[in-house]
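One structure is given here, and the rest of the page talks about it.
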Amino acid sequence: MLAAMAAGVLALGLTWRPTISAIDRPQAGSFPAAQVNQGAILAKLGDCAVCHTATGGRALAGGRPLATPFGTLFASNITPDAETGIGNWSYEAFRRAMRDGVSRTGSHLYPALPYDHYTHVTEGDLQAIYAYLMTRRPVHAPKPDNKLIFPLGFRPLLAGWKFLYLRHGDVPYDSGQSARYNRGAYLAEGLGHCGGCHTPRNLMGAEVASKAYAGGIAEGWRAPPLNAENPAARKWTADSLYTFLRTGVSPDHSAAGGPMGPVVESLSSVPEEEVRALSVYFAAKMGKAAPAKAEAEPVDRPAEAVAAFPEGARIFAGACAGCHGPGAPMMSQGRPALGLSTDLTDSEPTSAIQAVLQGIEPPVEGRGPKMPAFAPSLTDGQVAAVLGYVRTRYTHKPAWNHLEHDVRQARKEGGQP
Amino acid sequence: MNAPVLDRRKVLSGGALVVAFAMTSRLLGDAVGGGEGGAGPKVVRPDLEGSLKTDPWLDAWIRIDAEGQATVCSGKAELGQGIRTALLQVVAEELDMPPAAITFITADTGRTPDEGLTAGSHSMQDSGTALANAGANVRMLLIGAAAKRLGIPVRELDTTGDGHIAARDGRRVSYGEAARALSLHVEAVADAPRRSPQSYRTMNRDFRRVDIPAKLTGGEAYVQDMRLPGMVHARVVRGPSYGTRLTAPDIAAARKMPGVLRIIQNGQFLAIVARKEWQAIQAMRVAQTSDYVKTGPDLPGEQGPRRLQSLASREIIVEQSDDGPKASTRTFKGSFSRPWYSHGSIGPSCAVAHLHGGELTIWSHSQGVFDMHRATAELVGLAPDKVRVIHTPSAGCYGHNGADDATAEAGLIAMQLPGVPVRLQWMREQEFGWEPCGCGMVTQIEASIGPDNKIAHWKYEVWSNSHNNRAVGAGGYAVAQEIVPGFPMQVPAPIPMPEGDGDRNANPLYVFNNMDIRYHFVPEMPMRVSALRSLGAHLNIFTMEAALDELAKAGGVDPLAFRLAHMQDERARAVMLRATDAFGWSKRLRGDGRRGCGMAFARYKNRGAYCAIALEIEIERETGAITIHRVNAAVDAGQPANPNGIRNQIEGGIIQSLSWAIHEDMTYDTSKRTGFDWGTYPILRFDQVPGSIDVDIVESAGLPFLGAGEAAQGPTSAALANAIADAAGVRLCDMPLTPAKVKAAIGNAG
Amino acid sequence: MTFELTVNDKTHIVDAEAETPLLYVLRGELGLNGPKYGCGLGQCGACTVQLGGKAVYSCLTPLITVGEREVRTVEGLGGVDSMNPLQQAFADEQAAQCGYCIAGMIMRAQALLDENPHPTEAEIRSHMQPNLCRCGTHMRILRAIRRVAAVPAGAAA
Ligand code: FES
Ligand code: FES
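Protein chains in written order, with our numbering: chain A, 19 to 435; chain B, 398 to 1147; chain C, 149 to 305.
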């Protein structure tokens, strides 16, 4: 990997970027209100606040840690504070960061800032986001230092990464598709950076272009495939996707867990049309060869499951059935049956494990599906037993292998007790 | 819990006094017995104070045995508000004996005076006052008996605080000795000398609550903890919410479940009885696997509480005054609302019932065991004197939650199982789905100030259902419409002023010109509702205090100064000044778009405790999320019995009110409530509680007791909205004031 | 089925269906009152006990999963005349209104203090997040925990 990077550096022969001179913070009044409002929506679609806000910290003031396979990065302060934020950044500096991943002072930024996606954002939209950010209240908040494995702290190496993986240019317009679809494509590929989680990454942490939307990993959860391989029991439609993206739960599928929660929270308050566009785009992507039927009856094979996982069956009865079993209040309130859950039909048990270990918090205004964390009460073996049971009971898929090992791994990665 | 029934009713029944005073004004009757409707006891001695008005016999309250041990009874119940300890302090003080020498019995239809409901912050007024005066009467009689025994004048004797009466010459007579020569079966007199606040030994002390140690150590503290020999467990089987019915409950499958002893069916009422609790729950789930249909009224729909404005209503004039034409320079107009709230008790309702020898005993955490024993008797078809209801504590109820329904249902089930004690507990989702909610409400205000910055006109309207749907007969229970033959639903009625319900605190304590205040009482209930802490006062105070802030701002006057300029009640002024002084109101930071401060005041019902709140908040402008940094409260609850108890109640009221104002909303779709768990009905959690809450008590030594349990609810929500207005310059009118609403109001300006 | 269960340092043999949540075993079979039924859904914490030292929802802990792990309820911390420091702090702060949530609060807080005897204010608040109190006793609960953790008031991190 290092060799490849070094090669990249040499091939490019040039990693140096100039500093763009500091400016005085622009007057808030110099940006038209309409542009600021547009920027606010776009910033939501780009999930800026999700990464750039620390738990309990001021919005956009950075400091949130991001654990990567290469070490821990801390999000920067993107409020217009001159000293610790981007208050002295000109629009050119901002655009260069978003498009080329280079900071105002010329240093290369880690692709944790998804400039490989943001580079596709139009000039007008970038200007609006800039207007929005520069009209925030400045917050003085210095960024903690990143903690990366040697030698990745050496930023010029990033030039090599970019040489290999950063592709500029507009998202192509598909004239065979509706305007809505194309709007969805623009949002998903650009600001939304959906592939950032839902596309697998290579060893260098770059999205594998040939496997776009084949499913990826985010903060220990699996982001399911959003292409024809999507494993949902019931086919995703534009409508059900819309409901899911807006509220965090689709009665025909499941609830949003892990890092999808904050995405839903952002999408819950942008204009409906933008979420509809994303829904149409992904419904089309998943629909191409969709194996699932729109109205598939959820699978439920209790007898087989008990036979295969007797201990899991008992754990399920005492720990899970109060919500997921027949006659449970959640079921009479129209929540999705486990037989519809993508986490269970997925080829990997990753998200199912995380949902059991960490639980699920309602993403929008703290109201919605809420599942407790079982990490403190169930052992790895018990989590494996109950997941084995539910996989058998609620799907026709083959049993997951090495479940217990995967649970142990997930617990370690998630820092679970 | 099985002490013998000492039949108070027999003592009183047929008594001439009862007959003679049966015609006493109903209004006086409302002033005792909780003041929140219910059948309530009759006033027989209007000259006495507190509940002595309705039960003047001393031995109904206090008995002293030959050993000097006292047994004291109160018809009020411990609901987690600490009333047991406060009342014990009061009676111990006036008897001038150590609290430890007193056995204290509360709310038991077989043993204690009928004091109506434990509600409306009335317990200190009703029972505290009764016990204080009864104690003073008994102490006077004891001193008199000692005087006779020692042959010296009464004025040469005093009590010592340890159960003795001492003469100046050093001779002592114990209470036991004095009591032997005494009958307490006499009526109280109005002028028994009370102990003076300067010499208090027990009252006005931070006496530790007597019920807390068991609660910290797993003692038997709640009705949920009762375990009678041979007790079985019941669960009711129902649709997801009030106004639904299961179409095909799987009774056959439930019957086959392990441990199931009986399935009880009567009309649509269905209950499972099993040997163990978990077995009952399992069988309930099996039976509950069924579709359901809507049977109840139409839910409010998209309009939310504003739906009430389009329903038929009865107009009640609350207050009208004509101070002649006044010039107005600035006007504020607005309409405010709150949604339906759940009581949200942490412990779902529970009751234990036992039919034994033709008599039904129920242990219940109802606020109204006296009404309940009559209503349950009607429901199960027994004579009232065959039903005894014993109050047993549970999780806080904060009003009329599922407790009464669960009690009635436990009674119905126990009737089918003679000799077997039955414990019924509702499930979490049943509590959310079936309890009566706190009322959704709407108000409208149009008020103006004149050139003198005084309020020139005040036109106010409020729309609400009755906040008083407690069962006074069988028809008040939800189950009464499920069984066959059923009982017609109780007709809702408003609580008249001065207590009021939807109009509670709609009448200002402030002095305004030209008032026109109306209550549109709406009988039709889109959601099943009844009393929730503070009733209509919550939204009425919210509205009034918002209007005051807006008018102060329009007039360029400080909100505190503006309020003081309209307030003549000295105690009200003192409370406002104490809270704002402690807060540092004059030096407060001024709203800067992000941070801000707000204050509000009310005297609960204009006749209860005075409470002022000042608080400082911070708004995250990007999300609308609110952080509450600090809260200062001042409260005047009259003579404090237990100051720390008052502080505890006010702190709790503040947090509960913040939870209502920011988070809570009982949601629904076309056929049912959709709030069924803590995910769909979120309340405030630890990360959202204020940085600090400080409560300052203004002591009104020697003045009448004023309950504190509901004093903070209105002012806190109001102060919060005022702080948001100060911080961000936006007036939010429709609770809950969620981050999304705050964000929408402040927009995207930085 | 019979199970061997160690609760508050005593070993018991209980006879119950294997899936029975610990809550009902503790209350129904062992006659303990500390753990309370609040929701049965793992959303309120009223049923919190310590299992192998960790705070867990006993309402969602099937008997079969307990195994060798030790169960501790509030009864196991101390009685009325022998309160442990945390219970004593709750008493000193009069940190209860109805008190229905309190046993669960104590058990969750005790699990924190066992692992981290001097948590910061922020750590206390975030650790207590799963437990609900409807009476609004939060400020006193925090004070009681702070007393034992020796965190000065207002030392929010
Ligand atoms: S009862 Fe277990 S979490 Fe609520
Ligand atoms: S003290 Fe009542 S729920 Fe916490």
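Ideal Cβ positions, reconstructed from N, Cα and C, are used throughout, including at glycine. All figures in this text were calculated on a predicted structure; none of them were measured in a lab.
Asked, Found
"The region 440-456 of chain B in contact with the region 507-518 of chain B per 3-pair CB rule at 8 Å", "yes"
"Which listed residue (Ala680(B), Val766(B), Pro790(B)) has its alpha carbon closest to that of Ile480(B)", "Pro790(B)"
"Three-state class that DSSP yields for Gly701(B) in the structure shown", "helix"
"Best match in Val819(B), Gly1099(B), Arg1044(B), Arg565(B) for proximity to Ala1108(B) [C-alpha to C-alpha]", "Arg1044(B)"
"Inter-residue spacing [alpha-carbon to alpha-carbon] between Gln621(B) and Ala803(B)", "12 Å"
"Closer than 7 Å to ligand 2: residues, by C-beta to nearest heavy atom, in chain order", "Gly477(B), Ile743(B), Ala792(B), Gly793(B), Ala244(C), Gln245(C), Cys246(C), Gly247(C), Tyr248(C), Cys249(C), Ile250(C), Cys281(C), Arg282(C), Cys283(C), Thr285(C)"
"Whole-angstrom C-beta distance between Tyr1007(B) and Gly741(B), which should lie under 8 Å", "Incorrect: roughly 27 Å between the Cβ atoms, too far for contact."
"Contact set for Thr360(A): own chain, Cβ-Cβ below 7 Å, skip 5 residues either direction", "Pro242, Pro249, Ala250, His271, Ser272"
"Contact residues within the region 187-199 of chain C, judged by C-beta distance below 8 Å to chain B", "Cys187, Gly188, Leu189, Gln191, Cys192, Ala194"
"Within-9 Å CB hit, Gln400(A) to chain E", "Absent from the structure: chain E. Protein chains present are A, B and C."
"Residues near Asp163(C) by beta carbon distance below 6 Å, same chain, minus five either side", "Thr150"
"Terminal residues of the alpha helix (DSSP H) in which Gln1110(B) lies", "1110-1125"
"Secondary structure of Glu1153(B), DSSP reduced to three states", "The structure shown does not extend to residue 1153(B), since chain B spans only 398 to 1147, so no value can be given for it."
"Pairwise C-alpha distance: Asp134(A) and Glu431(A)", "26 Å"
"Thr168(C): CB within 8 Å of a non-hydrogen atom of ligand 1", "no"
"Listed by chain order, chain A residues near Arg960(B) by CB distance under 8 Å", "Neighbours of Arg960(B) on chain A: none; closest Cβ ~32 Å, over 8 Å."
"Amino acids of chain B, ordered along the chain, whose beta-carbon sits closer than 7 Å to that of Glu383(A)", "Thr1135, Pro1136, Ala1137"
"Per-residue burial, Gly179(C) [other beta carbons within 10 Å of its own, 16 or more giving buried]", "exposed"
"CB of Trp1057(B) within 9 Å of CB of Arg606(B), strictly", "no"
"Secondary structure of Lys165(A), DSSP reduced to three states", "strand"
"N-terminal and C-terminal residue of the alpha helix (DSSP H) that Lys1138(B) is part of", "1136-1143"
"Within chain A, partners of Gln685(B) - CB distance below 8 Å", "Gly345, Ser350"
"Test: Tyr167(C) CB closer than 9 Å to a CB of chain A", "Sequence inspection shows Glu at residue 167(C); the Tyr mentioned does not correspond to that position. Yes, its Cβ sits closer than 9 Å to a Cβ of chain A."
"The region 329-344 of chain A: positions lying closer than 9 Å to chain C by Cβ", "Glu329, Ala331, Arg332, Ile333, Phe334, Ala335, Gly336, Ala337, Cys338, Ala339, Gly340, Cys341"
"Interfacial residues, the region 387-412 of chain A to chain C, with Cβ spacing under 7 Å", "Lys388, Pro390, Pro394, Ser395, Leu396, Gln400"
"DSSP three-state assignment for Asn663(B), whether helix, strand or coil", "strand"
"Own chain residues within Cβ distance below 7 Å of Leu285(A), not counting five before or after", "Leu263, Arg264, Val293"
"Cβ-based burial, Leu421(A) [other Cβ within 10 Å; buried from 16]", "buried"
"For Gly835(B), the residue or residues it bridges with in DSSP", "Tyr738(B)"
"Where Asp1074(B) meets chain A, residues with beta-carbon distance less than 8 Å", "Pro347, Met348, Lys388"
"Residue-chain proximity (Glu208(C), chain A), Cβ-Cβ < 9 Å", "One detail in the question is off: residue 208(C) reads as Leu in this sequence, not Glu. Yes, because at least one Cβ of chain A sits closer than 9 Å to the Cβ of Leu208(C)."
"Inter-residue CB distance, Met389(A) and Ile378(A) (contact presumed, cutoff 8 Å)", "4 Å"
"Residue-level contact to chain B via CB, Gln258(C), 9 Å cutoff", "no"
"C-alpha gap between Glu329(A) and Val219(C), whole angstroms", "20 Å"
"Ser125(A) Cβ short of 8 Å to ligand 1 heavy atom set", "no"
"Ligand 1 heavy atom lying under 8 Å from the CB of Thr196(C)", "yes"
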